[in-house]
Amino acid sequence: MTKGRRRRTVGRLASTRTVALRRGKDREGGVQFPPLSTSLEAFLVDGSDRRFRELIYKVLSTSSLMLRARDQFAAHMGVSGPQYSMMMVIGESGAATIGQIAEQLHVSSPFVTVEIGKLIRHDIVERRPNEVDRRSNLLALTEHGKDLIRDVGPLRRMTNDIIFGSLSSEQAAALHDIMDRLLADSERALYEINSPLWRKRKARTGE
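When we follow this note's numbering, the leftmost residue of the sequence shown carries the number 57, and every step to the right adds one.
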């Protein structure tokens, strides 16, 4: 075989290998690698989950960028990102319990208790008696806390207008519906991951 022909053959093999890898079709012993990350037909294209994985990366990247924006809002107010979110939950509801904040933000009540304690010490949040349920207190923003939220308002509004500005009214409504479904299903998935069946399983180390 001549050198030129050998180079063309090697090039074709490399090209075929690249295409196979891109499609997730690299096979070892007849087993697809990497294994499919979903079996849902709605997210498979010609048996490949490549588009689905790209979607997951985009969702995670968007979430990361939005959390960074939230941290900027929080820094503007002199609080942490989670504390900012708790303040917004309280501000939007007028008053809230520890449990209500934890449920809204999908975090634990002990975590909320610790962070709210810091906000109380900085005169940002105050406790009030809960006339409906004496076992808990209502949390409300102090005037100082309200001033902080008013001050960050223009920055938050500008940021959200840029992030969501390309969506139409119909797309915005569809996004609400999609996020409601994904949030509920994510809770179900996390419940399954933490079930005894999966918690007992560990990755094989090859030992």
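Beta carbons are placed, not taken as given, at the ideal position from N, Cα and C, and that holds for glycine.
When the Cα atoms are used, M133 and I146 turn out to be separated by approximately 15 Å.
In this structure, the straight-line span from the alpha carbon of I205 to that of A130 is close to 10 Å.
Rounded to the nearest angstrom, the gap between the Cα atoms of I154 and V208 is 24 Å.
Across the structure, N216 and I234 are spaced so that their CA atoms are roughly 18 Å apart. Per DSSP, reduced to three states, the secondary structure at N216 is helical.
The C-alpha of I180 is placed about 8 Å away from the C-alpha of E199. The C-alpha of S95 lies about 21 Å from the C-alpha of N250. Taking C-beta atoms as the reference points, Y140 and R126 count as a pair closer than 8 Å. In the assembly as shown, V168 is a buried residue. Its beta-carbon has 16 or more other beta-carbons within 10 Å. Measuring C-alpha to C-alpha distances from R184 to each of S104, R213, L195 and K256 identifies L195 as the nearest.
Restricting attention to alpha helix (DSSP H) runs no shorter than 4 residues, the segment 98–179 encloses them at 106–133, 137–149, 154–161 and 165–177, ordered along the chain. DSSP, read as helix, strand or coil, puts L92 in coil. Shortest Cα-Cα distance from P138 to any of S149, G150, V170 and L121 involves V170. The DSSP-derived three-state label of A196 is strand. Membership of E243 in any beta strand (DSSP E) is not indicated; the residue belongs instead to the alpha helix (DSSP H) covering S225 to I249.
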